[in-house]
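Line by line, the protein sequences are chains B and C. Per the numbering used here, the first sequence runs over residues 1290 to 1496. Per the numbering used here, the second sequence runs over residues 27 to 779. C-beta atoms are modelled at their ideal positions from N, C-alpha and C, and glycine is treated no differently. Reading through the structure tokens given below for one structure.
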Amino acid sequence: MPATEQLVVDRVAVTVPLNAPDGVDIDGMIGVFHGWIQRGAVPGTLIDVADYRHVHHGPVVMLVAHELDYAIDLADGDLGLRVTRKRTAGPADLRAAVGWCAAHALRAITAFADEQPPNGSLSARTDELRVRVLDRRAVPSTAAGAERALAELGESADELFGASGGSVTADWAPPAPVTVRIRAEDPLSPGDLLAAADSASAGLSSD
Amino acid sequence: MSGVSWREALDEEMEPMLAEEIDVFEGQVELRKQGKVDERVFAETRLRRGVYGQRYDNGQRHDGVASRELRFPAGDLTKGPETFWDAPGMQRIKIPYGGVTPDQLEVLAECAEEYSDDILHITTRQDVQLHFIHIEDTPDMMRRLASVGITTREACGNGVRNVTGCPIAGVCRTEVFDVTAYADALFRFLLGHPDCQDFGRKFKPAFSGCAGEPCGLVMMHDFGAIAEIRDVDGVPTHGFQIYVGGGLGTTPHQAKQLYEWVPASELLPVAQAVGRVFGREGEKKNRNRARIKFLVAKLGIEEFRRLIDEERAILPYDPRWTSYLPNVGDFDEEPARDAAPLVAPENAPEGFGAWLDSNVYRQRQDGYVAATIALPLGDLTADQARALAEVSRRYVGGAIRTTVEQNIILRWVSEGDLPELYRELAEIGLAEPGAGTIFDITSCPGTDTCKLGISSSRGLAGELRRRVAASSFSSDTAVEGLKIKVSGCFNSCGQHHVSDIGFFGNTRKIDGYTVPHFQVVLGGRWRENAGSYGMAVGAVPSKRVPEVVEAITSRFAAERQSDETFQDFTTRLGKKELGALIEPFKSIPTHDEDPTPYTDWGDAREFTKDDMGIGECAGEVVSSTTLELSSAESLSFDAQIAFDDGDLVRADERAYRAMLSAAEALVRAETILPPEDPDAVVKEFKERFYDTERFFDRFAKGKFARPLFERHEQGPGRLDADSIRILLEETALFIDACYAFEIRETGAQSAAV
């Protein structure tokens, strides 16, 4: 399913689901993210922490940066770490941007290891990525838009999970932004997935 | 549609005037990037488009250990004094009288997720605010909003802000009549009105359908109208009691009655006269004294009324004053579904009864109710907003209003639909009970995003909300009906003065540390259109505020006399006794013993005031002439782009519009012009400035004005590249000459006052 040309987007969000074997301390996430700003623990021009714990299935707690946002995400009701690429940060090609977001999310998740329990035991689930294409100019919330995104992200699935192991499904209804789940037949280790995401991010950004 | 800009995609969807305004603003953004617009002028320009600064936009942030520099990619480029270009900002979006359609709600949701942080925030003036937005995203966002009839114009800055109104107007059981059409007419009439461009500060209008209820909060507004029908020559006539000079802030003022009653036909001219007097007589230099409340207090209401009478008498007739009146009925709403009685379901959804008790208001129309969606801290996600739009289409045909209590109301719900509506709202997390109760706490943005915030109002409101939900406070029914409102500072955006229990942020020094506090304000009156203000009884550390609420509510529940209101209760106890009541909660452990009170709610950092910045509430006081000349410059820039794109027809048209706009800016400073009348602009300009040689400079004399006269008289000339290039150069020179003229005339060294 090769795409004909690069699909350039402004904003795209990728959520990496989290394993939380000891549960999660949502209130404690505010301190975690403030600590990340103090220590420069994750990439980006880190600006502030936004507290949306009161909102149903929302971004919960966000670490806002100039180039991207990190958020504890409950948008789908499942716990995850979402990274949103903003404006012109990183690669603009959709596939590369997805790789870029996934790589930032996976790196941020490794930073939880330095935190107190239970948040210190949070880890990445590598069987799925949820992609929201938040740029209706490039990918309108239509069947055609979803088809185009699926074609592109089908290749992302191959890049990220290996030629035989990735699949994509659209999980969306208009007028919501086109949302695609990239699933792995055989989950990789977080390290291997990070390497694949880095590769996907760099592979097209230099085109 | 990759490759197609929003400007191209939405060209046919926007009103031409809105589209042009946004093009002009986009041009000004580009000019500022090139350093061709003064930062103060640009600041006021963006504020008048609702583009506001946000905390940390001065590039400094205290991370709890030390103040750190935020290094943005655009470096030293600014979008206003001490406001970095790349720093995220807030977009305020006007929602007149809170009326919003499902289509608009969907576009707001798109903007929230594509440009902001996924959250729509409803304000205490029925606006929507989006945060963490880049300045360069704002023109496209405005286009998308304009495509569904929303403007951000004058949402901030020294102009006429959103017109607020009762969210249940038209369905209310106690209203005199539905004020919606009149609020809409005032909004449209004053938007961009030339008589409202030279205010020293903002100007907030409000409408109420009756005097007794609080929905319109008229008594705390700059300009307020309360519906009243009077008999005129035997004919029942719609009209209004008119109030002026109310306001909260550090020194709250109750509005004064300007007119006991005026017929609806006089509403707009009276508002225009008030605008003209405020623009002319209001304070300009000291912005702390520049709201109209200070002018009314200084002059006295009698003298102020005399000035308004005088001004009204000389206003040139404007057909818009009354042209809307025959169409007032257009605002009547039709229910989407037939009325049906509520049949108590056998298996009522969990929580339905509590929600029914607190969130549902029986309309005056039999069989219909208005259902309040109690938004926590005024927030909802883009997904929720989209789902709500769809729910509202099906159940109420899109009859949605935002409220000053930061909620959303669905009107025209058939009673029989309530159980199913509740189920659907619960699925999207929008069926919280407790609307209008002690659970439904109002808060300004505070230190979360506001540059002026001192203490975390949202953090405190969130914590109090959790404790109410956990039944930490008295469950006495009188306590349940109390209102709590929180402001992050003395500027009162959380409207703490008019709540039963109010708080505003301040600080105290304890143990050598700056500690976040809240001043406790008790006994404000929400009813009677915010009929009286509360009394400050002392400040307590932020982390002890929940104990204060518990103490006050317990005392009220235990000691109130029969049906004594909270206002009467606080008046009876008096300031001394109330001060004693909160006294035990003023102390905290030393920092060594427990550092927790030295942080604020929802913020792990040790507290500091270092992050406070310069507020933009008042905007820069920049003359309307300078702002209009800046717009002309943007049109000239647009002409240059069209020329570069090879579109010579557009380049010619834009250049002409730019010259016309610059000339109009100078003329408007001296006289009133009819709208959209180029002949009048050129005639007035020529007679006032050219024929009198006032426009002439020592060397060029009047030559820079001639291209305007020629282009106006002769129409488009030869549309070849050389001719247009010359026209573009002449346009730029004419605008420069207009700037020079303004400086000569005002004697100012800088365009900004």
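**Contact set between Y1341/B and chain C, taken where Cβ atoms lie within less than 7 Å** = Numbered from 1 along the first sequence, position 52 holds the residue referred to as residue 1341/B. Against chain C, the beta carbon of Y1341/B has neighbours under 7 Å at I145 and D405, listed in chain order.
**Asked** DSSP state of K709/C, grouped into three classes?
**Response** Here residue 709/C corresponds to residue number 683 of the second sequence, with the count starting at 1. Of the three classes helix, strand and coil, the one that applies to K709/C here is helix, per DSSP.
**Message:** With distance defined between alpha-carbon atoms, name the residue in I268/C, V505/C, G183/C and D409/C nearest to L1423/B.
**Reply:** Mapped onto the first sequence, residue 1423/B falls at position 134. Checking every option, the nearest Cα to that of L1423/B belongs to D409/C.
**Message:** Under 9 Å, CB to CB, which of the residues in the region 573 to 605 of chain C have a partner in chain B?
**Reply:** none
**Item:** Residue range of the beta strand (DSSP E) that includes R1419/B
**Value:** Looking up residue 1419/B in the first sequence gives position 130. Counting along the chain, the unbroken beta strand (DSSP E) around R1419/B starts and ends at E1417 to V1422.
**Asked** When the distance is taken between beta carbons, is P231/C closer than 8 Å to H219/C?
**Response** The residue labelled residue 219/C in the question sits at position 193 within the second sequence. The residue labelled residue 231/C in the question sits at position 205 within the second sequence. The answer is no: Cβ separation not under 8 Å.
**Asked** Between the Cα of V693/C and the Cα atoms of D673/C, Y716/C and H279/C, which residue gives the shortest distance?
**Response** Locating residue 693/C in the second sequence gives position 667, counting from the first residue. Selected option, being the one with the closest Cα: Y716/C.
**Message:** For A323/C, tell me which candidate among L284/C, Q740/C and L674/C has the shortest Cα-Cα distance.
**Reply:** Indexing the second sequence from 1 puts residue 323/C at position 297. Comparing Cα-Cα distances from A323/C to each of L284/C, Q740/C and L674/C, the minimum goes to L284/C.
**Message:** One question on the structure: do P445/C and P367/C come within less than 8 Å of each other, judged by their Cβ atoms?
**Reply:** Against the second sequence, residue 445/C aligns to sequence position 419. Against the second sequence, residue 367/C aligns to sequence position 341. Contact flag unset, no.
**Asked** When you compare only the Cα positions, how much space is there between D723/C and E70/C?
**Response** Against the second sequence, residue 723/C aligns to sequence position 697. Against the second sequence, residue 70/C aligns to sequence position 44. If you take the alpha carbons of D723/C and E70/C, they lie about 29 Å apart.
**Prompt:** With respect to the beta strand (DSSP E) encompassing K602/C, which residues constitute its N-terminal and C-terminal limits?
**Reply:** Within the second sequence, numbered from 1, the residue matching residue 602/C stands at position 576. Boundaries for K602/C: no beta strand (DSSP E) harbours it, while the alpha helix (DSSP H) harbouring it runs F592 to I608, taken from the DSSP string.
**Asked** Among I750/C, F110/C, Q60/C and T149/C, which has the Cα closest to the Cα of L403/C?
**Response** By 1-based counting over the second sequence, the position of residue 403/C is 377. Selected option, being the one with the closest Cα: T149/C.
**Message:** Three or more C-beta pairs under 8 Å: does that hold for the region 1342 to 1356 of chain B against the region 1383 to 1390 of chain B?
**Reply:** Touching, no.
**Request:** Could you tell me if D1496/B is buried or exposed, where buried requires 16 or more neighbouring beta carbons within 10 angstroms of its beta carbon?
**Result:** Translated into the one-based positions of the first sequence, residue 1496/B becomes position 207. With a pLDDT of only 31 at D1496/B, under 50, the local geometry of the prediction cannot be trusted, and the value read off the model is given with reservation. Counting the other CB atoms within 10 Å of its CB gives D1496/B a total below 16, which places it among the exposed residues.
**Asked** Secondary structure at L548/C, three-state DSSP: helix, strand or coil?
**Response** Translated into positions along the second sequence, residue 548/C becomes position 522. L548/C falls in the strand class under three-state DSSP.
**Request:** Note down, in chain order, every chain B residue with its Cβ under 9 Å from the Cβ of V91/C.
**Result:** Numbered from 1 along the second sequence, position 65 holds the residue referred to as residue 91/C. Per Cβ cutoff of 9 Å: Q1327.
**Prompt:** Within the 8 Å Cβ cut-off, does G455/C reach chain B?
**Reply:** Position 429 of the second sequence, counted from the start, is the residue given in the question as residue 455/C. At least one chain B Cβ lies under 8 Å of G455/C.
**In DSSP terms, what Q267/C is bridged to** = As a position in the second sequence, residue 267/C is number 241, starting the count at 1. In the DSSP assignment, Q267/C forms a beta bridge with I252/C.
**Item:** Member of I480/C, G379/C, N555/C and T503/C whose CA lies at the smallest distance from the CA of T540/C
**Value:** Here residue 540/C corresponds to residue number 514 of the second sequence, with the count starting at 1. Ranking the options by Cα distance to T540/C, first place goes to I480/C.
**Candidates S93/C, F544/C, T164/C and E34/C, of which the one nearest V77/C by Cα** = Residue 77/C sits at position 51 when you count from the first residue of the second sequence. For the residues S93/C, F544/C, T164/C and E34/C, the minimum Cα distance to V77/C belongs to T164/C.
**Request:** Indicate the three-state DSSP secondary structure (helix, strand or coil) for Q587/C in the structure shown.
**Result:** In the second sequence, the residue the question calls residue 587/C occupies position 561. Q587/C falls in the coil class under three-state DSSP.
**Prompt:** What does T1334/B touch in chain C if you count any residue whose Cβ is under 9 Å from its own?
**Reply:** Taking the first sequence and counting its residues from 1, the one referred to as residue 1334/B is at position 45. L96, R97, F98, P99 and D112, listed in chain order.
**Message:** Any beta carbon of chain C sitting closer than 8 Å to that of L1423/B?
**Reply:** As a position in the first sequence, residue 1423/B is number 134, starting the count at 1. Closer than 8 Å: yes.
**Asked** Listing by chain order, which chain C residues have their CB less than 8 Å from the CB of P1348/B?
**Response** Numbered from its first residue, the first sequence carries residue 1348/B at position 59. Simply D143, D144, I145 and T407.
**Asked** CA-CA distance, G557/C and R586/C?
**Response** Along the second sequence, one-based indexing puts residue 557/C at 531. Along the second sequence, one-based indexing puts residue 586/C at 560. Spanning the two alpha carbons is a distance of roughly 21 Å.
**Proximal residues to D537/C (C-beta, below 6 Å), its chain only, five neighbours per side dropped** = By one-based count along the second sequence, residue 537/C stands at place 511. Result list for D537/C: T616 and H617, in chain order.
**Request:** Flag this pair as yes or no: are the beta carbons of R187/C and A316/C separated by less than 8 Å?
**Result:** Translated into positions along the second sequence, residue 187/C becomes position 161. Translated into positions along the second sequence, residue 316/C becomes position 290. Cβ atoms of R187/C and A316/C: not closer than 8 Å.
**Message:** Looking at the secondary structure, which residues open and close the alpha helix (DSSP H) in which N555/C lies?
**Reply:** Counting from one through the second sequence, the residue named residue 555/C turns up at place 529. Counting along the chain, the alpha helix (DSSP H) containing N555/C begins and ends at R553 to A556.
**Proximal residues to D204/C (C-beta, below 6 Å), its chain only, five neighbours per side dropped** = The residue labelled residue 204/C in the question sits at position 178 within the second sequence. A195 and G196.
**Message:** If you measure between the beta carbons of T10/C and E65/C, is that distance less than 8 Å?
**Reply:** There is no way to answer for residue 10/C, as the model of chain C reaches only from 27 to 779.
**Request:** Return helix, strand or coil for Q298/C, following the three-state DSSP convention.
**Result:** By 1-based counting over the second sequence, the position of residue 298/C is 272. In the structure shown, Q298/C sits in a helix (DSSP, three-state: H, G or I).
**Request:** Leaving out five residues on either side along the sequence, give the residues of the same chain with a beta carbon under 7 Å from the beta carbon of A1435/B.
**Result:** In the first sequence, counting from the first residue as 1, residue 1435/B sits at position 146. Once the five neighbours on either side are set aside, the close Cβ partners of A1435/B are A1459, W1461 and V1467.
**Request:** Can you give me the start and stop residues for the alpha helix (DSSP H) that K310/C sits inside?
**Result:** Within the second sequence, residue 310/C is the residue found at index 284, counting from 1. Element bounds for K310/C: n/a, residue is neither H nor E.
**Asked** Does any C-beta atom of chain B lie closer than 8 Å to the C-beta of M27/C?
**Response** Taking the first residue of the second sequence as 1, we reach residue 27/C at position 1. With a pLDDT of only 44 at M27/C, under 50, the local geometry of the prediction cannot be trusted, and the value read off the model is given with reservation. By this cut-off, M27/C is an interface position.
**Message:** Please classify Y23/C as buried or exposed, where buried requires at least 16 other C-beta atoms within 10 Å of its C-beta.
**Reply:** Given that chain C is displayed from residue 27 to residue 779, the structure contains no residue 23/C and the question cannot be resolved.
**Residue environment, A339/C, which counts as buried when at least 16 other CB atoms sit within 10 Å** = The residue given as residue 339/C occupies position 313 in the second sequence. It counts as exposed.
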